[in-house]
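Position 2 of the sequence shown, counting from 1, maps to 2 under the UniProt record's numbering, and the rest follow consecutively. Glycine included, every Cβ here is placed at the ideal spot set by N, Cα and C.
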Amino acid sequence: MDAIAAEIKKIPPVTRFLTISLVSVSIPVFMNLISPYKVVYFWGAVSTKFEIWRIWSSFFLGSRGLSFIFETIMLYRTSNELEDGPFARKSSDYALQLFVACGSIIITSIPLQTMLFLRPLLLCIVYLSSNLAPPGAQTSLYGLITIPIKYFPYALLGMDLLMAGPGAAAQAIPGAIVGHLWWMGVFGTELGGTQGGVLTEWGRAPRWLRSWFGEDGSSTTGRTLNSGGGVNVVPPRARAEEGANPNTTFGHRWGTGQRLGN
């Protein structure tokens, strides 16, 4: 157990929180220990009954079956690459910006009356990660189709549409919108560039939050580029060197979502 705990502590703090939250909310529901109606988002229950935990738990109820494994891997890998890349040694900035992004997802999902936000959360961080990948980088889906990494979020949205229907795809769209605003506002609109956005200064964590994460006072928005989107990226210069052993990626399967009451 000590070895497992030591390995868990090696995971960056925000990514560790996200992954543990996904497992701790989803598994009890899958095992019928907790009713899914206790963890989904109802504004009436939050505002009148003060069931504040719903704001948190509604982001971490995954799909049943193998889809849950894919969702967990996607969340972990994408968040870990962001926290080890653009937000390296700036987990406090990542936590603040992710908190604002989650609030924005809830607000933009009001017209859709969405009760679960894992899909838009995944699409949000995948969108940000993909747009921070090196210019011209490519990825492949299931080793079958090679596409530019910047189109990877739209491919996931298309897969969601095909496998789960228009309703599920529509509920994921706010994540893409928020992810775009996050990338454009904090990092700038140039793909993989060094220009900051108009919200760069606002994206820096306050001193108390940096201290809580054990970081020094020199926090700035990171510009280290990651590989993007929880996938293995093939830079343009490496395409000619692939030969008979091409670099493929982890193909994410969204699944059909969580059915309440099952």
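Check: How would you call ALA244, buried or exposed, if buried means at least 16 neighbouring beta carbons within 10 angstroms?
Finding: With a pLDDT of 40 at ALA244, under the threshold of 50, the modelled position of this residue cannot be trusted, and the question is left open.
Quiz item: Can you tell me whether SER211 is buried or exposed, with buried defined as 16 or more other CB within 10 angstroms of its CB?
Solution: exposed
| Going by Cα to Cα distance, which pick from THR200, GLY103, LYS150, VAL126 is closest to TRP75? | The sequence shown places Leu at residue 75, rather than the Trp named in the question. Answer by Cα proximity: VAL126.
*Taking Cβ positions, are LEU122 and TRP182 nearer each other than 8 Å?*
no
query = Is the beta carbon of THR15 sitting closer than 8 Å to the one on SER79?
reply = yes
**OP:** Quick one: using the 10 Å Cβ neighbour count with 16 as the cut-off for buried, is ASN32 buried or exposed?
**Re:** exposed
Which residues does DSSP list as the beta-bridge partners of SER63? Bridge partners of SER63: none, in fact.
Inset, instruction - Determine the burial state of ALA240: buried for a count of at least 16 other Cβ atoms within 10 Å of its Cβ, exposed for fewer. - result: The predicted model places ALA240 with a pLDDT of 40, which falls under 50 and marks its position as unreliable, so this point remains unresolved.
The beta strand (DSSP E) with LEU141 in it runs from where to where? 138–141
Distance between LEU112 and THR48 (C-alpha atoms, nearest Å): 21 Å
Quick check on THR200: does DSSP put it in helix, strand or coil? coil
How about TYR41 and PHE99: are their beta carbons less than 8 Å apart? no
Can we say the segment 163–174 touches the segment 52–62, given the rule of at least three CB pairs closer than 8 Å?
no
### Task
Closer than 6 Å by C-beta to GLU51: which residues in its own chain qualify, once you throw out the five before and the five after it? Chain order, please.
ALA45
C-alpha gap between ARG77 and ILE11, whole angstroms: 11 Å
- In three-state DSSP terms, what is PRO153? helix
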